[in-house]
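A.B. asks: Here the sequence shown is numbered in our numbering, starting from 25 and rising by one per residue. Would you mind keeping the following structure in view while I ask a few things?
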Amino acid sequence: MSNEEHRRGLMMALSSPSGAGKSTLAALLIARDPVMTLSISATTRPARPGEVDGREYHFMSRDVFERMAGNGEFLEWALVFDHFYGTPRAPVEGALASGRDVLFDVDWQGARALRAAAPEDVVGVFILPPSHEELERRLKARAQDDPAVIARRMARSADEISHWVEYDYVLVNRYVEETFARLELILGAERLKRHRQIGLSKFAANLASG
Ligand code: 5GP
Numbered sequence: 025m026s027n028e029e030h031r032r033g034l035m036m037a038l039s040s041p042s043g044a045g046k047s048t049l050a051a052l053l054i055a056r057d058p059v060m061t062l063s064i065s066a067t068t069r070p071a072r073p074g075e076v077d078g079r080e081y082h083f084m085s086r087d088v089f090e091r092m093a094g095n096g097e098f099l100e101w102a103l104v105f106d107h108f109y110g111t112p113r114a115p116v117e118g119a120l121a122s123g124r125d126v127l128f129d130v131d132w133q134g135a136r137a138l139r140a141a142a143p144e145d146v147v148g149v150f151i152l153p154p155s156h157e158e159l160e161r162r163l164k165a166r167a168q169d170d171p172a173v174i175a176r177r178m179a180r181s182a183d184e185i186s187h188w189v190e191y192d193y194v195l196v197n198r199y200v201e202e203t204f205a206r207l208e209l210i211l212g213a214e215r216l217k218r219h220r221q222i223g224l225s226k227f228a229a230n231l232a233s234g
């Protein structure tokens, strides 16, 4: 890689209320973008049926988690519903240093923690559903029409949506392909930010000195 192409990777924090299409967009990004990798969190909660260690999460005991947290091996961590969750530091730092980008599928609290840990590296993107009706329709489809479950999910969605102003970019997800194209525009521009183009100073100095 030549000097002018050498860049520092970025951390894309992708958040949305459930039912806005975030998981689909995250999966598309990972499948289609060769330099984007997904951050796999560590957790002390037991694996659910169908979950695979190292794919959804790195499942670990509380002892191991606490030792890692004590050693500073997490970029951020939190206690959520009685279980610990954390972002392993080493894979993220390795990726960024070698010019690869890392995607984080996180809620507003996770995004806020990442921003606090690495303000220069994080690009926050918030996905909104196209309308209240559409959000309700998608949540109903998932909850199989149990009114109490739907009401709880709508309340949680409203809470998540209230944090949209904390993000750098906000996309209304009407059509997945259109939203995906916009995500790629964001990535394209953010990758060109001066502070990420760490090979430029040498390149520019060479240009100037001839
Ligand atoms: P679940 O157990 O349902 O997969 O996730 C429960 C909650 O933990 C979600 O709100 C999710 O955003 C949060 N979570 C998952 N991974 C992390 C992480 O690495 N850091 C933080 N702070 N929260 C996480």
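Glycine included, every Cβ here is placed at the ideal spot set by N, Cα and C. Keep in mind the model is a prediction, meaning the values are calculated, not measured.
With distances taken between CB atoms, is the gap from Leu-34 to Glu-214 smaller than 8 Å?
C.D. replies: Locating residue 34 in the sequence shown gives position 10, where the first residue counts as 1. Locating residue 214 in the sequence shown gives position 190, where the first residue counts as 1. Contact flag set, yes.
A.B. asks: Three or more beta-carbon pairs under 8 Å between the segment 52-70 and the segment 167-181, yes or no?
C.D. replies: Counting Cβ pairs under 8 Å, fewer than three are found: no touch.
A.B. asks: Between Gln-221 and Arg-56, which are expected to be in contact by the criterion C-beta below 8 Å, what is the C-beta distance as a whole number of angstroms?
C.D. replies: Mapped onto the sequence shown, residue 221 falls at position 197. Mapped onto the sequence shown, residue 56 falls at position 32. So it is not a contact: roughly 23 Å between Cβ atoms.
A.B. asks: Hey, would you say the C-beta of Gly-134 is under 7 Å away from at least one heavy atom of the ligand 5GP?
C.D. replies: One-based indexing of the sequence shown puts residue 134 at position 110. At least one heavy atom of the ligand 5GP is nearer than 7 Å to the Cβ of Gly-134, so yes.
A.B. asks: Does at least one heavy atom of the ligand 5GP sit under 7 Å from the Cβ of Arg-86?
C.D. replies: Along the sequence shown, read from residue 1 onward, the residue named residue 86 stands at position 62. No; taking the cut-off as 7 Å, the Cβ of Arg-86 has no heavy atom of the ligand 5GP nearer than that.
A.B. asks: What would DSSP say about Gly-94, mapped onto helix, strand or coil?
C.D. replies: Residue 94 sits at position 70 when you count from the first residue of the sequence shown. Of the three classes helix, strand and coil, the one that applies to Gly-94 here is helix, per DSSP.
A.B. asks: Apply the 10 Å Cβ neighbour rule to Asp-77 and answer buried if 16 or more other Cβ atoms are within range, or exposed otherwise.
C.D. replies: As a working note, residue 77 is residue 53 in the sequence shown. Per the 10 Å Cβ criterion, exposed.
A.B. asks: Skipping 5 residues on each side, what residues in its chain have a beta carbon closer than 6 Å to that of Leu-207?
C.D. replies: To locate residue 207, count along the sequence shown from 1; it is residue 183. Closer than 6 Å at Cβ, skipping near neighbours: no residue.
A.B. asks: Pro-153: buried (16+ other C-beta within 10 angstroms of its C-beta) or exposed?
C.D. replies: Indexing the sequence shown from 1 puts residue 153 at position 129. Classification of Pro-153: buried, given that the 10 Å Cβ count is 16 or more.
A.B. asks: State yes or no: is the C-beta of Phe-128 within less than 8 Å of the C-beta of Leu-231?
C.D. replies: By one-based count along the sequence shown, residue 128 stands at place 104. By one-based count along the sequence shown, residue 231 stands at place 207. No, the Cβ-Cβ distance between Phe-128 and Leu-231 is not below 8 Å.
A.B. asks: Compare the Cα-Cα distances from Ala-182 to each of Asp-131, Asp-145 and Ala-114 and report the closest residue.
C.D. replies: The residue given as residue 182 occupies position 158 in the sequence shown. Selected option, being the one with the closest Cα: Asp-131.
A.B. asks: I need the straight-line Cα distance from Val-147 to Ser-155, nearest angstrom please.
C.D. replies: What you label residue 147 is simply residue 123 of the sequence shown in a count that begins at 1. What you label residue 155 is simply residue 131 of the sequence shown in a count that begins at 1. Distance between the alpha carbons of Val-147 and Ser-155 is about 25 Å.
A.B. asks: Indicate the three-state DSSP secondary structure (helix, strand or coil) for Phe-150 in the structure shown.
C.D. replies: As a first step, residue 150 is located in the sequence shown; it is residue number 126 there, counting from the start. If DSSP states are grouped into helix, strand and coil, Phe-150 belongs with the strands.
A.B. asks: Does DSSP put Gly-110 in a helix, in a strand, or in coil?
C.D. replies: Locating residue 110 in the sequence shown gives position 86, counting from the first residue. Strand, per DSSP.
A.B. asks: State yes or no: is the C-beta of Asp-106 nearer than 7 Å to some heavy atom of the ligand 5GP?
C.D. replies: Working through the sequence shown from its first residue, we reach residue 106 at position 82. Because no heavy atom of the ligand 5GP lies under 7 Å away, the Cβ of Asp-106 does not count as near it: no.
A.B. asks: Taking the alpha carbon of Ala-119 as the reference point, which residue from Ala-93, Leu-62 and Val-88 has its own alpha carbon closest?
C.D. replies: In the sequence shown, the residue the question calls residue 119 occupies position 95. Out of Ala-93, Leu-62 and Val-88, Leu-62 has the C-alpha closest to the C-alpha of Ala-119.
A.B. asks: Exposed or buried, what is Arg-177 when buried is set at 16 or more other beta-carbons lying within 10 Å of its beta-carbon?
C.D. replies: For this step, residue 177 is matched to residue 153 along the sequence shown. Arg-177 comes out buried.
A.B. asks: Which parts of the segment 26-76 are runs of the beta strand (DSSP E), unbroken and 3 residues or longer, counting only runs that do not cross its ends?
C.D. replies: The segment 26-76 contains these whole beta strand (DSSP E) runs: 35-39 and 60-62.
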